[in-house]
Amino acid sequence: MIQWSLILSAALATLTGVLPDPPLEPSNDGPPAVPQAVLPRPFEPVAPPAGVTRLPKPFGDEDLSGFAQPPRPCWDKNSVTRIACGSFHFESLGRVFFESGSAALTQDSRWRLAAVVSRLELNRQFRRLLVKGHTDDVGGGAYNDALSDRRGKAVHDYLLEQGLSEEQIAMQGWGETKPTDENWTRPGRGRNRRVELYAVFYREQNTFY
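Take 297 as the starting number for the sequence shown in this note's numbering and just add one per residue.
See the structure below:
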C-alpha cells in the first residue's frame, strides 16, 4: 500500500511518498552453474615386454627372489656359538649409453664397465649384478624389446670378459617401457638409450651368543 502526504507551503505544493520496489521478473536461467572439479586420470601402469619379469620393487627384500640368496637369520640363541647373519643392500652403479638403434659399446662405456668390475672384485660383500637394458621410443615396441635385450647382452658379455662369472650377473630387457627422460627431444632420447647397473651386497653382522 502506498502512503502519500501533501505539504502546502505558500504557493508550492509538495507531494511526498515512498514508491514500492518493482516486482522481480521470473528468470528462466535456473540456478547458477557450479563448476565441476576436474579429477586427474588414474595412473595406468605400463606392462613390461613379453618374457620379462618385472621386479616387485626397485629396491627391497622382495627383489631377492630368484636373484640373490636370502639373508641368514640370527638364531640358536641358547648356544654359545658364533652366528653369522646380515642383510642385502642394493646400490646403483651408474649407467652406460648407446647410439640410436645400436647395441655396440662405446669406448667410454667399456672404460666405465671395467671400472665397475674392478670395484666389485675388491668388495667381499658383492653378490650379484643386475643389468637392465632400455631404449627410446623410436622403432616400435617389438623392435625395442629386442634392442634392449641386445644392449643388456652386450654389457653382460663384456662383464664376463672383465672377470665376473655367469652366476654373478642377471639381465633384464625393458624395451621402451621405462624412460627416464622425454622422448620428443634428441637429448632426452639419448638419455633413454641406456643400460643400468645395480649391485647386490650382503652385509654380514657377526653376533656371539
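Every residue, glycine too, gets a C-beta built ideally from N, C-alpha and C.
With H, G and I counted as helix, E and B as strand and the rest as coil, what does DSSP make of residue i?
i	result
Leu-290	The question about residue 290 has no answer here: the residues shown for the chain are numbered 297 through 505.
Leu-418	coil
Ala-399	coil
Gly-486	helix
Leu-409	helix
Glu-500	strand
Glu-492	strand
Glu-463	helix
Measure the alpha-carbon distance for residue i versus residue j and round it to whole angstroms.
i	j	result
Ser-405	Glu-500	32 Å
Gly-437	Glu-472	7 Å
Ser-398	Tyr-498	35 Å
Lys-474	Thr-431	8 Å
Asn-419	Gln-464	13 Å
Leu-389	Leu-416	10 Å
Gly-469	Val-413	21 Å
Ser-435	Gly-382	For clarity, residue 435 is Gly in the given sequence; the question names Ser instead. If I take the Cα positions, the gap works out to 45 Å.
Arg-423	Tyr-439	32 Å
Gly-448	Leu-401	10 Å
Of the choices the options, whose alpha-carbon is the least far from that of residue i?
i	options	result
Gly-486	Gly-382, Leu-389 and Glu-395	Glu-395
Asp-433	Trp-480, His-385, Tyr-498 and Ser-383	Trp-480
Ala-450	Ser-388, Leu-409 and Leu-389	Leu-409
Gln-421	Glu-387, Asp-441 and Val-392	Glu-387
Asp-477	His-452, Ser-461 and Arg-490	Arg-490
Asp-445	Met-467, Glu-462, Leu-455 and Leu-460	Met-467
Gln-403	Tyr-454, Ala-442 and His-385	Tyr-454
Segment contact flag, the stretch 490–500 with the stretch 412–427, C-beta cutoff 8 Å, min 3 pairs
yes
Counting only runs of 4+ residues fully inside the stretch 430–458, write out the alpha helix (DSSP H) ranges in chain order.
437–457
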